[in-house]
Amino acid sequence: MDWESGNLPEAWKAFKQHVELVFEGPIKEKPEEVKVTYLLLWVGEKGRNIYNTWTLSAEDKKKLKPHYDRFLNYVRPKLNPVFARYKFNNEVQGSQTVDQYITKLKLLAKDCSYNDENDMVRDRIVFGVTSPKIREKLINEGDKLTLDKAIHIAQSYEYAQEQLRTMSAAPVEVHTVRNTKGPTTTLGGQPTNKHKGPTNGKPRSGHTTGRMKTTDEKEICGNCGYRHTKTETCRAKGKQCNHCKKWNHFQSMCRSKKSLKSVHEVSEGFSELQVQNSNSDSDDFFVDSVECNSKMDQAFVEIKVGPNSFPVKFKVDTGSQVNILPRQIYSKLNLSHPLKQPTTRLTAYSGDTLNTIGCVKLTCERTGKLQELTFYVVETYSSPIIGLRSSIDLNLIKLVLSCETPRDNPHLTKDTVLKQYSEAFKGIGLFPGECKIHLDPSITPVVNPPRRIPVALRDKVKLELDRMMQNQIIAKVTEPTEWVNSMVAVENKQVN
C-alpha cells in the first residue's frame, strides 16, 4: 500500500483489488484469520500503525470486512472532490492512445462525485482529444452523442489511421553509398568493393547504389520526383511544367534539352522569403552576393566544398536548421572517408521523414573565408540547402534583432514628428457616423457604486469633466440608468 500517494482513496482501491485477487487465488483455501494476517503484512508499517490505533473486538480481529471498513474510513477524508474535478477537467489526451485516455478519464471521474459520470466523460473526450478530425466527428453528432458512441467514433478513427500507416510501405534501410569514381563506402567506414572506369552516374550490374532494392520498393517517379508505386496516383498528373509548359510532369523532372541546370523544388505551404541585395536601404535582413530568381522568392549562392573545392550552388534557406547535400552531388566530391551515422532524424516542413544516408563534415570556402560545416547527405533530387546557422557563419546573411536610430538623424526626433504631423496633435478628432452598442437582453444590468476620489485630485477631476462636457466628449446624465460603471481617476504625465 502506497500511503504517500496524492490520492489515497484511489491507491487504497487499487491495493484492495490486488489483495482480493490474491485471496481468491493462491490462498483461497486459507482461513479468514490467516488472510487478515496477510493483509496487515501487506499494508506496511504505516498501515500497522493505523491499525494499532483501533479498538476491535476479538471477533472483528479475525474478519476482513472490519479491517477494510476501518482503512476505507481512514483514507476517505483525504478525498477532495474539488481537486479531483480540477484534475478531470484538465486531463487531455496528449501522447496517450484513445483507449488509454478514456480509461484515465473514467478513473478520474469516480472521485469527482458527478451525478452523471457518463456525460462528463463524454464531454471531456470531445474537449481533450488530440485529433481535430475526431473532435469534428463528435461535434457533428450533436445531441445524439452518447458516451458509447463517442468512444466508438474515437476508437474507429484511431484504428483506421493506424491501419493506414501499417499499409504504407516503410522506407528501405540504406546499407551502402555508391561513389561513381571510387569505392563503395558503407556507414561503418570500410570499402566493400572497387571498380574501374567511368559509369556516367549509372550503377553497374550487380552493385548497390545507395539502397537495397526489394520487390515492393517504391521507385522514384520520372514525372514528379517522388517515390510511389505504379498503381498510386502521380502527384504531377494534370500539372503543367513551369519550364516547357507541357503537362503531367514537374519542372524539377523536366526532360527538355533546354531544361535548367539546377533543379529547384518548391514545397506546398512554402512561406515567401524576402530577399534584398546588399546595397538595399533596409538593414533588417539581406543576402549578400547571391543569385535570385525573377520572383525574388528563392536565393542561391555558390560555395566551394570539400578538399577539391568543388563548386556547389546552394539554396539559402533560413528556415532550415541543418545543411542538406543530395547524394548525387556528394558522389561528385570524390571523398575517400566514410559517412558517419546520423544522430538526428530529419523531417521536412510537411512532417515527412527525409531519407538520410549519413552526415559528413566538409571545409567550405566563400569569398576567401574557410568554414568547416556539417552536411546531411539525403536521397533527394532537390537543391542543396545551406541552413540558417551556416549562412550566418559564412556572412551570407545578417540577422538584425534590433535597430537604433543614429543621434544625428533628425527624422525620428520628437520635435520633427510633432512639427511634420502637427495636424494630428491639434484639436479633438471625430469618427464619422454614430456607434450603436448592442446589449444582450438576457444579461442582468449592473450598477456599481462610485469610487472615492483622492482629495488632492478632486479639483483636477472636476475641471477635466467640465472640459470634456464642453467639448461634447461626454454628456451629463441626471436620471437613473440600468447600467452604472465606476470611474477611476488616473493622473497622466503632462505632454509638452
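Just so we're aligned, residue 2 is where the sequence shown starts under the working numbering, counting upward by one. Ideal placement from N, C-alpha and C gives every residue a C-beta, glycine not left out.
> With a CB to CB cut of under 6 Å and the five nearest residues on each side skipped, what residues in its chain are close to T381?
Replying inline: Position 380 of the sequence shown, counted from the first residue, corresponds to residue 381. So the qualifying residues of the chain are P327.
>> Rounding to the nearest angstrom, what Cα-Cα distance links K333 and M168 in this structure?
In response: Numbered from its first residue, the sequence shown carries residue 333 at position 332. Numbered from its first residue, the sequence shown carries residue 168 at position 167. If you take the alpha carbons of K333 and M168, they lie about 36 Å apart.
> Roughly how far, in whole angstroms, is the beta-carbon of I387 from the beta-carbon of F315, given that I think they are within contact range, below 8 Å?
Replying inline: One-based indexing of the sequence shown puts residue 387 at position 386. One-based indexing of the sequence shown puts residue 315 at position 314. With a Cβ gap of about 4 Å, I387 and F315 count as contacting.
> For A300, does the three-state DSSP call read helix, strand or coil?
Replying inline: The residue you call residue 300 lines up with position 299 of the sequence shown. Three-state DSSP puts A300 in a strand.
>> Does chain D have any CB closer than 8 Å to the CB of T368?
In response: You won't find chain D in this structure, because it holds only one protein chain.
> Between the beta-carbon of N449 and the beta-carbon of N486, is there less than 8 Å?
Replying inline: Residue 449 sits at position 448 when you count from the first residue of the sequence shown. Residue 486 sits at position 485 when you count from the first residue of the sequence shown. Yes, the pair counts as a contact, with Cβ atoms nearer than the cut-off.
> Looking at C-beta atoms only, is the number of pairs between the segment 411 to 426 and the segment 438 to 454 that lie closer than 8 Å three or more?
Replying inline: no
> In angstroms, rounded to a whole number, what distance separates the CA positions of A155 and T147?
Replying inline: Numbered from 1 along the sequence shown, position 154 holds the residue referred to as residue 155. Numbered from 1 along the sequence shown, position 146 holds the residue referred to as residue 147. Spanning the two alpha carbons is a distance of roughly 12 Å.
> Tell me the DSSP bridge mates of C365?
Replying inline: Against the sequence shown, residue 365 aligns to sequence position 364. Per DSSP, V306, Q372.
> Taking G239 as the reference, which of N249, I304, P339, E46 has the closest Cα?
Replying inline: Along the sequence shown, read from residue 1 onward, the residue named residue 239 stands at position 238. Nearest Cα to G239 within the set N249, I304, P339, E46: N249.
> So P133 is in the alpha helix (DSSP H); what residue range does that whole segment cover?
Replying inline: Start at 1 with the first residue of the sequence shown, and residue 133 comes out as number 132. It spans 133 to 141 - the alpha helix (DSSP H) in which P133 sits, taken as one unbroken run.
> Using the C-alpha atoms, what's the distance from K107 back to K150?
Replying inline: If you number the sequence shown from 1, residue 150 lands on position 149. If you number the sequence shown from 1, residue 107 lands on position 106. Each residue's Cα considered, the two are about 15 Å apart.
>> Rounded to the nearest angstrom, what separates V127 and K138 at their Cα positions?
In response: Counting from 1 along the sequence shown, the entry for residue 127 is found at position 126. Counting from 1 along the sequence shown, the entry for residue 138 is found at position 137. Distance between the alpha carbons of V127 and K138 is about 9 Å.
> Between which two residues does the beta strand (DSSP E) containing P312 stretch?
Replying inline: For this step, residue 312 is matched to residue 311 along the sequence shown. Element bounds for P312: 311 to 317.
> Who pairs with K341 in a beta bridge, going by DSSP?
Replying inline: Mapped onto the sequence shown, residue 341 falls at position 340. According to DSSP, K341 bridges with C360.
>> Give me, in chain order, the residues of the same chain whose beta-carbon lies closer than 6 Å to that of D3; leave out the 5 immediate sequence neighbours on both sides.
In response: Taking the sequence shown and counting its residues from 1, one reaches residue 3 at position 2. Hits under 6 Å: A12.
> Is the beta carbon of C365 sitting closer than 8 Å to the one on L336?
Replying inline: One-based indexing of the sequence shown puts residue 365 at position 364. One-based indexing of the sequence shown puts residue 336 at position 335. No, these two residues do not count as a Cβ contact at 8 Å.
> Which residues bound the alpha helix (DSSP H) around I393?
Replying inline: For this step, residue 393 is matched to residue 392 along the sequence shown. In this chain, the alpha helix (DSSP H) harbouring I393 covers 389 to 394.
> Considering only the beta carbon of each residue, do I135 and Y158 sit closer than 8 Å?
Replying inline: Numbered from 1 along the sequence shown, position 134 holds the residue referred to as residue 135. Numbered from 1 along the sequence shown, position 157 holds the residue referred to as residue 158. It is a contact, given that the beta carbons lie within the stated cut-off.
> Residues in its own chain within less than 7 Å of I152 by CB, not counting five upstream and five downstream?
Replying inline: Working through the sequence shown from its first residue, we reach residue 152 at position 151. So the list reads I103, once near-sequence residues are dropped.
> Does DSSP put Q322 in a helix, a strand or coil?
Replying inline: In the sequence shown, residue 322 corresponds to position 321, counting from 1. Reduced to three states, the DSSP call for Q322 is coil.
> Whose C-alpha, out of V361, C113, V93, is nearest the C-alpha of T131?
Replying inline: In the sequence shown, counting from the first residue as 1, residue 131 sits at position 130. The shortest Cα separation from T131 among V361, C113, V93 belongs to V93.
> How many Å lie between V323 and V361 at the Cα?
Replying inline: Here the question's residue 323 lines up with position 322 in the sequence shown. Here the question's residue 361 lines up with position 360 in the sequence shown. Near 12 Å, if we compare the C-alpha coordinates of V361 and V323.
> Does the beta-carbon of R77 have 16 or more other beta-carbons within 10 angstroms, so that it is buried, or is it exposed?
Replying inline: As a working mapping, residue 77 is identified with position 76 in the sequence shown. Classification for R77: exposed.
> Residues in its own chain within less than 8 Å of K477 by CB, not counting five upstream and five downstream?
Replying inline: Along the sequence shown, one-based indexing puts residue 477 at 476. If we look at K477 and ignore the five residues flanking it on each side, its Cβ neighbours are M470.
> If we ignore side chains and look at the alpha-carbon of each, how far apart do Y350 and Y87 end up?
Replying inline: Counted from its first residue, the sequence shown places residue 350 at position 349. Counted from its first residue, the sequence shown places residue 87 at position 86. Approximately 37 Å, taken between the alpha carbons.
> Can you list, in chain order, the residues of its chain whose CB lies under 8 Å from that of K47, leaving out five sequence neighbours each side?
Replying inline: Position 46 of the sequence shown, counted from the start, is the residue given in the question as residue 47. Contacts found: M2, W4.
> Taking the continuous beta strand (DSSP E) assigned at K399, which residues delimit it?
Replying inline: In the sequence shown, counting from the first residue as 1, residue 399 sits at position 398. Where K399 is concerned, the enclosing beta strand (DSSP E) stretches over 398 to 400.
> Out of curiosity, what's the CA-to-CA distance linking D467 and G428?
Replying inline: Along the sequence shown, read from residue 1 onward, the residue named residue 467 stands at position 466. Along the sequence shown, read from residue 1 onward, the residue named residue 428 stands at position 427. The straight-line gap from Cα to Cα measures roughly 16 Å.
> Which residues in the same chain as Q252 place their Cβ atom closer than 6 Å to its Cβ, once the five residues preceding and following it in sequence are excluded?
Replying inline: Against the sequence shown, residue 252 aligns to sequence position 251. Closer than 6 Å at the Cβ level, and outside the excluded window around Q252, lie C242, N243, H244.
> Looking at L340 and V378, is the spacing between their C-beta atoms short of 8 Å?
Replying inline: Numbered from 1 along the sequence shown, position 377 holds the residue referred to as residue 378. Numbered from 1 along the sequence shown, position 339 holds the residue referred to as residue 340. Going by C-beta atoms, V378 is nearer than 8 Å to L340.
>> I'd like to check one pair, V37 with K63: are the Cβ atoms closer than 8 Å?
In response: Position 62 of the sequence shown, counted from the start, is the residue given in the question as residue 63. Position 36 of the sequence shown, counted from the start, is the residue given in the question as residue 37. Against a cut-off of 8 Å, the Cβ pair of V37 and K63 comes out as a contact.
> Is Q473 helix, strand or coil when you go by DSSP?
Replying inline: Indexing the sequence shown from 1 puts residue 473 at position 472. Residue state, collapsed to three classes: coil.
> Can you pull the DSSP bridge partners for V130?
Replying inline: Within the sequence shown, the letter at position 129 stands for residue 130. BP columns for V130 are empty, so no partner.
> In whole angstroms, what is the alpha-carbon distance linking R125 and I444?
Replying inline: Within the sequence shown, the letter at position 124 stands for residue 125. Within the sequence shown, the letter at position 443 stands for residue 444. In a straight line, the C-alpha of R125 is about 28 Å away from that of I444.
>> Measuring straight from C-alpha to C-alpha, what distance separates T29 and L22?
In response: Here the question's residue 29 lines up with position 28 in the sequence shown. Here the question's residue 22 lines up with position 21 in the sequence shown. In the sequence under discussion, the amino acid at residue 29 is Lys, which differs from the Thr named in the question. Rounded to the nearest whole angstrom, the C-alpha separation of K29 and L22 is 9 Å.
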